[in-house]
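>
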Amino acid sequence: MYRVISCSSSKVVIDIYQRKTQIEHILHRPDTYIGSVNATERNLWVYSTVDQCMALKKTKIVPGFYKIFDEILVNATGNKVRDPSMNTLKVNINKEKNIISVFNNGMGVPIEFQSKEGIYTPELIFGHLPNRNDFEKKNTGYYDGYGAKLCNIYSLQFIVEIGSKENGQHYKQVFSNNMSTVGKPFITTGNKTDYTKITFQPDLAKFGMYEIDDVHQSLFIKRVYDIAGCFGGDVQVYLNEHLISIKSFEDYVKLYLKDKIHNKELGKPVIIYERIKSERRNCWEVCFTQSESQFQQVSFVNSISTSKGGTHVQYVADQIINKLLDCAKARCTSTLIKKRQVKNQCWIFINCSIENPTFDSPTKECLTLRPSKFGSKPILSNGFMTKLASLAPVVESITNLASISEGKMLKKSDNQKKSRLSRLNNLDDANFAGTERAKDCTLILTKGDSAKALAMSGLEIVGRDYFGIFPLSGKVFDVRGASRKQIYENIEINNVKRILGLRYGKKYHTTQSLRYGHLMIMTDQNHNGSHSKDLIVKFIDHFWPTLLKNPGFLREFITPIIRVKKDPLDISFFTIPEYEAWKKCNNNGIGWSVEYHKGLGANTASDAKLYFAALKYYQENASQAKPTDHFLIDLALDGAKGDGRKVWLRKFEFGICMNYNASRVEVSDFIAKELIFVSMNDNIHSVPSLIDGLKPGHRKVLFNCFQKKLKTRIKQLADYVREHCSYRHGKQSLCAIIIGLAQNFMGSNNINLLEPIGQFGTRAQARSLSIEGGKDAAHVRHIHTSLADIAPFIFHPADEPLLAYLKSDDGQIIEPQWYIPIVPLLLINGGEGVGTGWSSTIPNYNPLDVIENLKRKMNGRETFKMTPWYRGFKGTIIPISHDKYKVAGIIKKTSPTSVEINELPVRSWTQPFKDYLESLLSDEDKEPFIKSYKECHTHTSIQFKIELSEEKMKEAESEGLENKFKLVNYISTSNMVCCDKNLRIRKYHSPEEMLGEFYEVRLEYYVKRKEWLLRQLVRKKENLENKAHFLREMIDGTIVLHNRKKRDILTELEQKGYKTDVDTKVYPSGEDTKGVSLCDEITGYNYLLDMPISSFTQEKIDQCLEEIAINRQEIRLLEGKSPTDLWDTDLENLKYEWQKSVNGPYKGTETEVKAQNSTQLRKLRKPQSKRILPQDSSSKASDMLKYSSDNVTSRGRVIIVTPWSAQYS
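Now the structure itself:
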């Protein structure tokens, strides 16, 4: 917009609109060119001649005056870029005469006459506006065409002197009166050196000054020292004829730290220095040291002092801040550390060379150029980062300040002791809470609303005066390892704190100041309930450890986990080992009804009243905490003490449990006898078993698949497993387990135990929060599965009676403790897991290698070293140490400008690799590394065709094609951790060691299998002999059954020596049923008495005798085989099935296959369709025939089925 001015006469218009020269415009508009000519107050670094160091002072300077001096100084330093032989720079400041001169040697401006302009080149450069070549890339401070001319314009006198060694000339020219008067150039001969000298007398009146004051003089001196630091000893810099003794940029940095260097109490500051070289002669020097309270930076761009920083400082600072932030987070995981807090501990010094820099103002104090235009990338080296990470004082300062900051935030939620609390809808407060009787009140913390309902039923007995109830929703928040911000924002934690009246940072030696004097934890009597108790104890111990030293403050409400009833007796058990011990002493519990009450919701309201009526019996008080208890809590719960936790978990013994009969519970007993069960349960569910290679979830799925043996939807199978095997986790995780068992793409299973019927995922991309592939699996309601054909060859049915089966909460028989496959499945399919204190990573191995090594063990030969192997992988796996392997994909150069990738490393999925190629294709900071790529792969194979320039091809080949395209990763066998046969966590050093232990266990079970099979055959022979003898006596009339009592018949059979047919199968309890008496009406003789009447013939007797002969032959054959013979046979059968699953069944020769395919194709084309009508007795069926014809394939409910569609429907 234009402002319209109303003028009363033409004279006013003339005064407003005037024509000015460029010099007059610069003089009248200084802010546009050199900055303000008015004095401004700022905090600046200046050079203290007294202390001989840099000092930060509050100064009053004229930015424009500083600018004209700096332009001449920067011009002189830029000559070093033009002529690397330059080695001297002299600056003289004559304060009394108001004269400043800057001299530098080296080749200067050429002394040549410009015929086009009619003047000499020096006059053109220093006395005419502007004259810059905009197309030339420069790494100097002068680039906009003004520079030294601005100093000339703001000077009373400006003298240019240039010496040229090449033509032996000396050039001198004087400009005066703000460059309005141009003297004639004076050229002489006889000069023998190259140099340039600028002498000027600033027009102080233009800056509101009458002399060069001390402040500006100290600032100018500081700039001369800056230049000496930027040159780093390459150029001798003189100030007033005195040499400045700075030999490196690091020496220059020490001028800022001189007070710290000589302060013994503070200690010598640590300076980390790095010089980053570039291909384009662009060089970066970076120094880091610790700042005291706020972020500080001293930076130079082409010798220009960027006192306000800019993009170059931000680029380097981000790298340093991110590294320090990672170190601080690793050191203190429980504190939320912000980048701002890290940045305040950083002091960064930068000296850099940048092509054609741009700034935010004429004073050039802040660089605005984008990093992509720097001309170089200042990436700090690993060595610099390693030194940075070792600065413990810096990291400690960061974490301390962050902790103090979060402590202040937490205290905001503190409140005073109150008798009534508002806005807590779920709280049922005790009537005396927060009053003088508060010390006798108890807050009951329950897990969920159902547990609260149970407690509310109990309050009918004890009343509401001294008992309050607050339900915790969901999982209790884990405060250890969480940031204070997370704790501050957690509603549940703050509600408990508010209800109890706790204050952060306060030590509680008594409970007088609290709203409740006791805290009672009421959770389920299972592992989840124990874990909830653990988290609550952790919360109290973390913030108020002194509270645990108050006897009786912490209480536990215990409910029976099992109740057995037999009128009129009702016995409660609070631990499983107690119940097992009772059962052994009471005829295995026969005749008693058993109720499992692991969840509080299983108790009725009458049960709650019973519990609260005898509260002293169902309430356990924690004893006073000891100093060692805090150590135990940290050991069990602190993530940083993983090694100590491993030692602690190794001491775990099955059968040890809490003694709830004691008057008080020791905190150490809770950790060592209850919490350790939680940790071990986590490990057993997270770390695979050496014996069967499975986790409990996988085992539950297989147990039901062995029983069902039908094709079923994943969703239905998951529901079935949850119902019949007591799966206590989410349905989604169970479906993921089922899908994982059926996946067979490269990088998943070498042998899939379930059949993938549908889309079970490919190697395209990884699942969320996992390194495993198969994210593209279809929804569980669409895909089916069944037991794989090879599964029975791995898990032999004859081993099932030998397994130790578990029981669910309600006593139902579920999956075994572990299966016993004929090969170590953990080595074949690998395994991963993260538990408490332990993690596990086990690679896959070739089934044929595993089988061969097992056979070698059988024959007493030494096993060979196995190398990881993945089914379908075409790349290479090469050992580089005893526990590390290099995994490489396949890449080949197909032309000077193209490569082809035919395989990716194991666990490198297609989509992430494609994303990486996209990043090479769209690099904004520089020329893209590749031109284009094509995808020619399928869901099972890989084929990328990549085009790139010849220059980039050479670069990739020099780095290595595999490395450049990230086709290399590594497999380690240093973390092979799994559960052994006794469910103890153990670390193995090699797959051969794992195979050796598996061999011993498996061989033991082959001995057991042979014994069991022999018992079964002997029992079958005895039954056949008894049948034949019984039939003969029935036919002869020796035994009479009709019109007799059953007890008399059983007695006669027993007297005649007939043996009972009792199932000798080993049951989950580990007991045998063969000791059952006849008096209990056991059907031990039913195999005789239940024979049909048609069996009483001579033919049936002969048949039994034939079967006896066959049976005896089977017994002799089995007795003649050793356990290893049985095992070898199973291995051969498995080997055959495995090779069949890999190569497919034999289909004949190539010619036969082509003939079969041709015949099948002709059958498909032949129109021999058959119409299938729906089973409908109504008249609609006949009506439908009217609208159907041979040409209709599908219409309404009439379907035409061809042989092909019938086969695959």
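Once you know that position 523 of the sequence shown is 523 in our numbering, the rest is easy, because the numbers rise by one and skip nothing.
Quick reminder that beta carbons are idealized off the backbone N, C-alpha and C, glycines included.
As the structure is a computational prediction, the values presented were derived from the model and not from experiment.
#1: Reducing DSSP to helix, strand and coil, say where Cys352 ends up.
#2: So, at 6 Å on beta carbons, what are the nonlocal neighbours of Tyr819 in its own chain, with the 5 sequence-adjacent residues on each side left out?
#3: Which residue's Cα is closest to the Cα of Ile321: Ile348, Phe467, Gly147?
#4: Go ahead and label Gln1113 buried or exposed: buried means 16 or more other beta carbons lie within 10 angstroms of its beta carbon, across all protein chains shown.
#5: Once DSSP output is grouped into helix, strand and coil, what is the label at Gln1168?
#6: Would you mind sorting Val224 into buried or exposed? The rule is 16 or more other CB atoms within 10 Å of its CB.
#7: For Ile684, tell me which candidate among Gln22, Asn104, Val834, Thr1051 has the shortest Cα-Cα distance.
#8: Does the separation of the CB atoms of Tyr750 and Gln743 fall below 8 Å?
#9: Look at the Cβ atom of Thr973, then the Cβ atom of Asp883, and state whether they are nearer than 8 Å.
#10: Between the segment 193-201 and the segment 102-121, do three or more beta carbon pairs fall short of 8 Å?
#11: Just tell me which of Tyr47, Tyr238, Phe126, Trp45 has its CA closest to the CA of Thr88.
#12: With a Cβ-Cβ cutoff of 8 Å, do Leu453 and Cys441 count as a contact?
#13: Is the CB-CB distance between Leu1126 and Tyr1006 below 8 Å?
#14: If I'm right that Val215 touches Cys327 with Cβ under 8 Å, what's the distance once you round it to whole angstroms?
#15: Please confirm whether His597 and Gln486 have their CB atoms less than 8 Å apart.
#16: I'd like the span of the beta strand (DSSP E) that includes Ala55, first residue to last.
#17: From Pro63 to Gln296, what does the alpha carbon distance come to, in whole angstroms?
#18: Can you give me the Cβ contacts of Pro589 inside the same chain, cut-off strictly under 6 Å, excluding the 5 residues immediately before and after it?
#19: If we call anything under 8 Å between Cβ atoms a contact, is Val479 one with Ser532?
#20: Entirely within the segment 37-108 and at least 3 residues each: give me those beta strand (DSSP E) ranges in chain order.
#21: So, at 6 Å on beta carbons, what are the nonlocal neighbours of Arg19 in its own chain, with the 5 sequence-adjacent residues on each side left out?
#22: Report back the beta-carbon spacing between Ser840 and Cys978 to the nearest angstrom; my notes put them in contact at under 8 Å.
#23: For Asn853, which residues from the same chain have a beta carbon less than 8 Å from its beta carbon, with the 5 sequence-adjacent residues on both sides left out?
#24: Pull the bridge partners of Met522 from the DSSP assignment, please.
#25: What does a CB cutoff of less than 6 Å around Ile246 pick up in its chain, not counting 5 residues either side in sequence?
#26: Quick one: is Cys936 buried, meaning 16 or more other Cβ sit within 10 Å of its Cβ, or exposed?
#27: Label Ser180 either buried or exposed according to how many other C-beta atoms from any shown protein chain fall within 10 Å of its C-beta, with 16 as the threshold for buried.
#28: Can you grab the Cα-Cα spacing for the pair Asp449 / Leu600, in whole Å?
#29: From the DSSP output, read off the bridge partner residues of Glu595.
#30: Do you know offhand how far Thr435's Cα is from Asp429's?
#31: Taking only runs of the alpha helix (DSSP H) that begin and end inside the segment 829-916, which ones reach a length of at least 4 residues, in chain order?
#32: What ranges does the beta strand (DSSP E) occupy inside the segment 236-320, keeping only unbroken runs of at least 3 residues that lie completely in it?
#33: With distances taken Cα to Cα, identify the nearest neighbour of Phe288 among Phe249, Leu787, Ile971, Lys338.
#34: Do Ala438 and Tyr516 have their C-beta atoms within less than 8 Å of each other?
#35: Might you give, ordered along the chain, the residues of its own chain that have their beta carbon closer than 8 Å to the beta carbon of Pro560, omitting 5 neighbours on each side?
#36: Could you spell out the range, first to last residue, of the alpha helix (DSSP H) harbouring Ser686?
Working from what's here:
#1: strand
#2: Asp692, Phe795
#3: Ile348
#4: exposed
#5: Caution applies to Gln1168, whose pLDDT of 41 falls short of 50 and renders its modelled position unreliable; the model cannot decide the point.
#6: buried
#7: Looking at the Cα atoms, Val834 is the closest of the given residues.
#8: In the sequence as presented, Tyr is not what sits at residue 750; that position holds Asn. No, these two residues do not count as a Cβ contact at 8 Å.
#9: Result yes, Cβ atoms of Thr973 and Asp883 sit closer than 8 Å.
#10: yes
#11: Tyr238
#12: The question names Leu, but residue 453 is Ala in the sequence shown. No. Outside cutoff.
#13: yes
#14: The Cβ separation is near 41 Å, so there is no contact.
#15: no
#16: 53-61
#17: 21 Å
#18: Checking the sequence shown, residue 589 turns out to be Gly, not Pro. Correct list, in chain order: Lys583.
#19: no
#20: 40-48, 53-61, 88-94, 99-105
#21: none
#22: The Cβ separation is near 6 Å, so the contact holds.
#23: Thr863, Phe864, Met866, Glu992, Leu995
#24: Thr446
#25: Hits under 6 Å: Ala228, Gly229, Tyr252.
#26: By the 10 Å Cβ count, Cys936 comes out exposed.
#27: Under the 10 Å beta carbon count, Ser180 is surrounded by fewer than 16 other beta carbons and is classified as exposed.
#28: Cα to Cα, the separation comes out at about 11 Å.
#29: Arg563
#30: 12 Å
#31: List check, alpha helix (DSSP H) in window: 847-858.
#32: Within the segment 236-320, the complete beta strand (DSSP E) runs of at least 3 residues are 236-239, 272-277, 283-290, 296-301.
#33: Out of Phe249, Leu787, Ile971, Lys338, Phe249 has the C-alpha closest to the C-alpha of Phe288.
#34: The answer is yes: Cβ separation under 8 Å.
#35: Gln525, Ser572, Phe573, Phe574, His597
#36: 676-686
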